[in-house]
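Reviewing the structure listed below.
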Amino acid sequence: MIDIVGLKKSLGGKEVLKGVDLRIDSGELLAVIGGSGAGKTVLLKHVIGFLKPDRGDILVNGVSVPRASQKELYEIRKDFGMLFQTAALLQSLTIGENLALPLKEHTKLSRQEIDRVVTERLNWVKLFNVENRLPSDLSVGMMKRAGLARALVRDPKIVLFDEPTTGLDPVLSSTIGQLIIDLHGRLKFTSIAVTHDMSLAYMIADRIAMLHHGRIIGIGTPEEIKTSKSQVVQQFIRGMPSIQSAESLLQR
Ligand SMILES: Nc1ncnc2c1ncn2[C@@H]1O[C@H](COP(=O)(O)OP(=O)(O)O)[C@@H](O)[C@H]1O
Ligand SMILES: [Mg+2]
Numbered sequence: 002m003i004d005i006v007g008l009k010k011s012l013g014g015k016e017v018l019k020g021v022d023l024r025i026d027s028g029e030l031l032a033v034i035g036g037s038g039a040g041k042t043v044l045l046k047h048v049i050g051f052l053k054p055d056r057g058d059i060l061v062n063g064v065s066v067p068r069a070s071q072k073e074l075y076e077i078r079k080d081f082g083m084l085f086q087t088a089a090l091l092q093s094l095t096i097g098e099n100l101a102l103p104l105k106e107h108t109k110l111s112r113q114e115i116d117r118v119v120t121e122r123l124n125w126v127k128l129f130n131v132e133n134r135l136p137s138d139l140s141v142g143m144m145k146r147a148g149l150a151r152a153l154v155r156d157p158k159i160v161l162f163d164e165p166t167t168g169l170d171p172v173l174s175s176t177i178g179q180l181i182i183d184l185h186g187r188l189k190f191t192s193i194a195v196t197h198d199m200s201l202a203y204m205i206a207d208r209i210a211m212l213h214h215g216r217i218i219g220i221g222t223p224e225e226i227k228t229s230k231s232q233v234v235q236q237f238i239r240g241m242p243s244i245q246s247a248e249s250l251l252q253r
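Numbered continuously in my numbering, the sequence shown closes out at residue 253.
Now the structure itself:
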């Protein structure tokens, strides 16, 4: 469904992606983990066509995203839903208007039909009677859920998540994780979730890939990643500052 082949990209004089190969099967949820600045967001931006690779290709259902015309890109993006770190709701619009916007712009649905879809998606994420409230009236957790509802408003076949739990406490994080599991199970979308939150990755992912120094250095099921023999993978998933300092701690 999504094929990333030999993706290379330099930004600001630094080679951020040094040849990334990833294949995400239809209906699969792949988590991409890696430290801050590893290039996770840059990777997602290539999938949606916001950035163009220096080398390599990204194929979505066999269609090259970087080589697509504006019209083709528009068609490809119709199938995408995105949840960015900040949820990115427009602050001057109500929650209902925020969700209705993509439907008004991209569909011919009637006002009534739009209202019905908006309320349904909000209910999917367990938000009730918030249509007329402003984003600033919502708690952080509610805001994330509204962002999730908006990502799903156009029945996407592919959903991209960028750090869906950043800024949330562990309880709210697992609530979002559980919602992602439920919605993924029900809607069967293909998904890439970029995160440095290991408990989220273990919770939601079919497979986990670790991005490090511009390359995928490990990929497998959550169980395979947990038992990975790679020092770098182990260091990251256990949240160790470095192998050396961890060893010196053990020797004390
Ligand atoms: N538009 C840009 N111009 C220059 N450097 C960038 C740009 N976007 C990202 N970078 C750099 O690329 C690296 C990876 O960034 P990013 O993908 O945002 O990391 P993360 O894994 O935390 O999401 C960082 O060093 C960042 O500073
Ligand atoms: Mg990022």
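Ideal Cβ placement from N, Cα and C applies to all residues, glycine included. Because the structure is a prediction, the values reported are computed rather than measured.
CB-CB length for residue i against residue j, believed under 8 angstroms
i	j	result
Ile96	Glu132	6 angstroms
Gly50	Ala89	So it is not a contact: roughly 17 angstroms between Cβ atoms.
Ala150	Leu128	7 angstroms
Residue i versus residue j - alpha carbon distance
i	j	result
Leu104	Val118	9 angstroms
Ile5	Pro67	11 angstroms
Glu106	Glu98	12 angstroms
Ser37	Arg146	24 angstroms
Ser140	Met2	35 angstroms
Lys227	Ile25	20 angstroms
Gly219	Ser229	8 angstroms
Pro223	His197	14 angstroms
Gly221	Asp163	20 angstroms
Reference residue i; option with closest CA among the options
i	options	result
Ile182	Val195, Ala206, Glu164 and Asp170	Ala206
Val61	Lys9, Val141 and Asp80	Asp80
Gly14	Gly50, Asp55, Leu188 and Ile25	Asp55
Thr42	Ser200, Trp125, Glu73 and Leu12	Leu12
Arg78	Leu91, Asp26 and Lys158	Lys158
His185	Thr176, Ser200, Val160 and Asp198	Val160
Val172	Ala101, Leu201, Glu164 and Val154	Leu201
Ala39	Ser27, Leu18, Leu94 and His47	Leu18
Leu135	Leu123, Leu94, Ile238 and Ile115	Leu94
Beta carbon proximity, residue i to chain D, threshold 8 angstroms
i	result
Ile220	In the structure shown, chain D does not exist; there is a single protein chain.
Residues near residue i in its chain [Cβ-Cβ closer than 8 angstroms; skip 5 each side]
i	result
Gly7	Gly20, Val21, Asp22, Arg56, Gly57 and Asp58
Own chain residues within Cβ distance below 6 angstroms of residue i, not counting five before or after
i	result
Ile244	Note that Ile244 has pLDDT 49, beneath the 50 cutoff, so the model's placement of it is unreliable and no number is given.
Met204	Gly178
Close beta carbons around residue i, own chain, < 7 angstroms, minus the five adjacent residues each side
i	result
Gly168	Val141
At least 3 beta-carbon pairs within less than 8 angstroms: the segment 206-213 vs the segment 11-31 | yes
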